[in-house]
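Engineer: These protein sequences, in sequence, are chains A and B. Just so you know, we're using my numbering here: the first sequence kicks off at 102 and counts up by one. Just so you know, we're using my numbering here: the second sequence kicks off at 307 and counts up by one. Beta carbons: idealized from backbone N, C-alpha and C, even for Gly.
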Amino acid sequence: SSELTQDPAVSVALGQTVSITCQGDSLRTYYPSWYQQRPGQAPLLIIYSRTDRPSGIPDRFSGSRSGNTASLTITGAQAEDEADYYCCSRDTSDNPYVLFGGGTKLTVL
Amino acid sequence: VQLQESGPGLVKPSETLSLICAVSGGSISSYYWTWIRQPPGKGLEWIGSIYYSGRTNYNSSLKSRVTISVDTSKDQLSLKLNSLTAADTAVYFCARGDSGYGFSYFDYWGQGTLVTVSS
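1. CA-CA distance, R161 (chain A) and N388 (chain B)?
2. Based on DSSP bridge pairs, tell me the residues matched to S385 (chain B).
3. Using a Cβ-Cβ cutoff of less than 6 Å, which residues in the same chain neighbour Y364 (chain B) once the five nearest sequence positions on both sides are dropped?
4. For the stretch 188 to 209 of chain A, which residues have a beta carbon sitting closer than 9 Å to at least one beta carbon of chain B?
5. Which same chain residues end up closer than 8 Å to Y337 (chain B) when comparing Cβ atoms and leaving out the 5 residues on each side of it in sequence?
6. Measuring CB atoms only, is the stretch 309 to 321 of chain B touching the stretch 173 to 181 of chain A, in the sense that at least three cross pairs come out at less than 8 Å?
7. Which of the residues in the stretch 141 to 159 of chain A, read from start to end, lie with their CB under 7 Å from any CB of chain B?
8. Taking just the CA atoms, how far does S424 (chain B) sit from F409 (chain B)?
9. According to a CB-to-CB cut-off of less than 8 Å, which residues of the stretch 118 to 132 of chain A neighbour chain B?
10. Using a cut-off of 8 Å between C-beta atoms, extract the partners of R134 (chain A) located in chain B.
11. Where DSSP assigns a beta bridge to Q107 (chain A), which residues make up the other side?
12. From this set, A:L145, A:Q138, A:I147, A:L146, which residue's C-alpha is nearest K348 (chain B)'s C-alpha?
13. Can you tell me whether D394 (chain B) is helix, strand or coil according to DSSP?
14. Between A:L128, A:S127, A:Q142, which lies nearest to G416 (chain B) when the distance is taken from Cα to Cα?
15. Please tell me whether L383 (chain B) and I334 (chain B) are closer than 8 Å, where the distance is taken between their beta carbons.
16. For T395 (chain B), which residues in the same chain have their Cβ closer than 6 Å to its Cβ, ignoring the five residues on either side in sequence?
17. So with Cβ pairs under 8 Å, would you call L390 (chain B) a contact of chain A?
18. Would a check of beta-carbon distances place G331 (chain B) closer than 8 Å to chain A?
19. What residues in its chain sit with their C-beta under 8 Å from that of D381 (chain B), if we drop five residues either side in the sequence?
20. Could you tell me whether the Cβ of Q310 (chain B) comes closer than 8 Å to any Cβ of chain A?
21. What does DSSP give as the partner residues of K206 (chain A) in its beta bridges?
22. Excluding the five sequence neighbours on either side, which residues of its own chain have a C-beta within less than 6 Å of the C-beta of W126 (chain A), listed in chain order?
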């Protein structure tokens, strides 16, 4: 079956820009969604479709895709952005049908 | 829209887990509805989804053990997972899904309920 690959951990200095990447063959066909998860909380949708953000998500979060790689970029990272980030996509096969990346732990220094 | 999971926090091995997700603030008779789980300290795993048409899709790794259904009269989503083992210990989330051409996403999530499989 297909999979989505993320770097396990990324760090960024406060106020700087960081990109979290997600790789997988399904991304050639489907745009991913991105979720932020703080400890003890449910995941929160932050990016969907091409680069859409739900209401209330700061515009420092943006998404992009090129080939089989998608990126979540945080421009001017804040302390509250420290969290786990997951990409998610439909699969191009019938199973598992929905894929999640393994998650990236973002540390804001 | 609010989602609230409920169910037993502790289940014995080989037994069946039954969880309910109550949906409020929106109709369950549209969109699609999904169960996702997260073992302690690990990532998210899609369990399966049910569409308002009643069509279901399940993760192939769980397909033989899982049933997802919707009760539109009660605005509830349910999950049944049988033949439990310790590997099924996880936080179980319900979520609302939506999609368009070339994309899909989960925009509302419950807070999750921890299920521990242990004798």
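Structural biologist: Judging by the given coordinates:
1. 43 Å
2. Per the sequence shown, the amino acid found at residue 385 (chain B) is Leu instead of Ser. Beta-bridge partners of L385 (chain B) (DSSP): B:L325, B:I374.
3. G354, V372
4. C189, S190, R191, D195, N196, P197, Y198, V199, L200, F201, G202, G203, G204
5. Closer than 8 Å at the Cβ level, and outside the excluded window around Y337 (chain B), lie Y358, R402, G403, D404.
6. At 8 Å Cβ cutoff, the stretches do not touch.
7. A143, P144, L146, Y149, S150, P155
8. 38 Å
9. T130, Y131, Y132
10. It should be noted that the sequence gives Ser, not Arg, for residue 134 (chain A). Ordered by position in chain B, the residues that pass the 8 Å Cβ test against S134 (chain A) are F409, S410, Y411, F412.
11. A:C123
12. A:Q138
13. helix
14. A:Q142
15. yes
16. T422, V423, listed in sequence order.
17. With respect to chain A, the C-beta atom of L390 (chain B) has no partner C-beta closer than 8 Å.
18. no
19. Here the set comprises A328, V329, S330, S333, I334.
20. no
21. A:A110, A:D185
22. According to the sequence as given, residue 126 (chain A) is Asp; it is not Trp. Only S103, N169 meet the Cβ criterion.
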